[in-house]
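*Asks:* The listed protein sequences derive, respectively, from chains A and B. For the first sequence, this note's numbering assigns the number 1 to the initial residue and increments by one for each residue that follows. For the second sequence, this note's numbering assigns the number 101 to the initial residue and increments by one for each residue that follows. Pasting a structure here, questions to come.
2 protein chains.
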Amino acid sequence: MNSIDIIGYVAAFLTTSAFIPQAWLTWRRKRAEGVSLGMYCIMVAGTVGWLIYGIMLGAWPIIVANVISLSLSAFILIMKLIYK
Amino acid sequence: MNSIDIIGYVAAFLTTSAFIPQAWLTWRRKRAEGVSLGMYCIMVAGTVGWLIYGIMLGAWPIIVANVISLSLSAFILIMKLIYK
Numbered sequence: 001m002n003s004i005d006i007i008g009y010v011a012a013f014l015t016t017s018a019f020i021p022q023a024w025l026t027w028r029r030k031r032a033e034g035v036s037l038g039m040y041c042i043m044v045a046g047t048v049g050w051l052i053y054g055i056m057l058g059a060w061p062i063i064v065a066n067v068i069s070l071s072l073s074a075f076i077l078i079m080k081l082i083y084k
Numbered sequence: 101m102n103s104i105d106i107i108g109y110v111a112a113f114l115t116t117s118a119f120i121p122q123a124w125l126t127w128r129r130k131r132a133e134g135v136s137l138g139m140y141c142i143m144v145a146g147t148v149g150w151l152i153y154g155i156m157l158g159a160w161p162i163i164v165a166n167v168i169s170l171s172l173s174a175f176i177l178i179m180k181l182i183y184k
C-alpha cells in the first residue's frame with residue numbers, strides 16, 4: 001500500500017466515523033431541533049447512491065465505508081424524526 | 101459517461117450538498133447546541149485528507165467535491181464555536 005492509498009484510507013475512516021459523535025450527542029440529548037432534517041435525508045440518499053456505485057464496481061472499500069455511513073446517517077435521521 | 105459514472109456523480113453531488121441545509125439551519129437559528137463539535141472537527145480533518153488524496157492523484161472530481169465539503173463543514177464548525 002503506497003502513501004497515497006494510506007491517505008485515502010485515513011480520509012475515508014475520518015469522513016465515515018465523523019457521524020458517530022453526532023449520533024451519540026443526539027441519542028444522549030433526546031432532542032434534535034438543531035439537526036437538519038434536509039441534511040440527513042440528502043445524506044441517506046447520497047450514501048445509498050455511493051453503495052450502488054460501489055456494488056456495480058465491485059469496490060469493497062466504497063461498499064464498506066458507505067454501509068457504515070448509511071447506517072449512521074439513517075440512525076440520525078430516525079432520531080430526528082422521533083425526537084424532533 | 102456510462103451509467104456507473106452517472107450514479108457516482110449523483111452520489112457525490114448529494115453527499116457534498118447535504119451540508120447546505122445544516123449550514124443554513126444553524127445560521128438561521130444562531131444556536132448550535134445540538135450540533136456535534138466532534139463531528140465537524142473529524143469531518144474537516146477527513147475532507148482535508150480527501151483533498152490531499154485528490155491533489156496527489158490529480159483527480160479533479162475528488163478535488164472539487166472536497167473543496168465544497170470542506171468549506172461547508174468548516175463553516176458549520178466555525179458557527180458551532182461561535183454560537184455554542
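Where is the CB? At the ideal position from N, CA and C, for every residue including glycine.
Identify, in the order they occur along the chain, each residue of the same chain with its Cβ nearer than 6 angstroms to the Cβ of residue 37(A), setting aside the five sequence neighbours on each side.
*Replies:* So the qualifying residues of the chain are 80.
*Asks:* How would you list, in chain order, the residues of chain A whose beta-carbon sits under 7 angstroms from the beta-carbon of residue 146(B)?
*Replies:* The answer, in chain order, is 11, 14, 15, 18.
*Asks:* Hey, how far is the Cα of residue 127(B) from the Cα of residue 14(A)?
*Replies:* In a straight line, the C-alpha of residue 127(B) is about 25 angstroms away from that of residue 14(A).
*Asks:* May I have the straight-line CA-CA distance separating residue 45(A) from residue 118(B), to the nearest angstrom?
*Replies:* Those two C-alpha atoms are separated by around 9 angstroms.
*Asks:* Counting C-beta neighbours from all protein chains within 10 Å, is the total for residue 103(B) 16 or more, i.e. buried, or is it exposed?
*Replies:* Answer is exposed; the Cβ neighbour count stays below 16.
*Asks:* Check whether the Cβ atoms of residue 170(B) and residue 135(B) sit closer than 8 angstroms, and answer yes or no.
*Replies:* Not a contact, by the Cβ cut-off of 8 angstroms.
*Asks:* Could you tell me whether any Cβ in chain B is nearer than 8 angstroms to the Cβ of residue 79(A)?
*Replies:* It does not; no Cβ of chain B falls within 8 angstroms.
*Asks:* When the distance is taken between beta carbons, is residue 165(B) closer than 8 angstroms to residue 123(B)?
*Replies:* Against a cut-off of 8 angstroms, the Cβ pair of residue 165(B) and residue 123(B) comes out as no contact.
*Asks:* Taking only beta-carbon atoms, is residue 136(B) less than 8 angstroms away from chain A?
*Replies:* Chain A, which has a Cβ nearer than 8 angstroms to the Cβ of residue 136(B), makes this yes.
*Asks:* Applying a beta-carbon distance threshold of less than 7 angstroms, which residues of chain B neighbour residue 28(A)?
*Replies:* Near residue 28(A) there are no residues of chain B at all, since even the closest Cβ is about 10 angstroms away, more than 7 angstroms.
*Asks:* Determine the closest residue to residue 5(A) out of 42(A), 52(A), 61(A), 51(A), with distance taken between C-alpha atoms.
*Replies:* Measuring from the Cα of residue 5(A), the nearest candidate turns out to be 61(A).
*Asks:* Starting from residue 31(A), trace the alpha helix (DSSP H) both ways and give me its first and last residue.
*Replies:* From DSSP, residue 31(A) is part of no alpha helix (DSSP H); its letter is neither H nor E.
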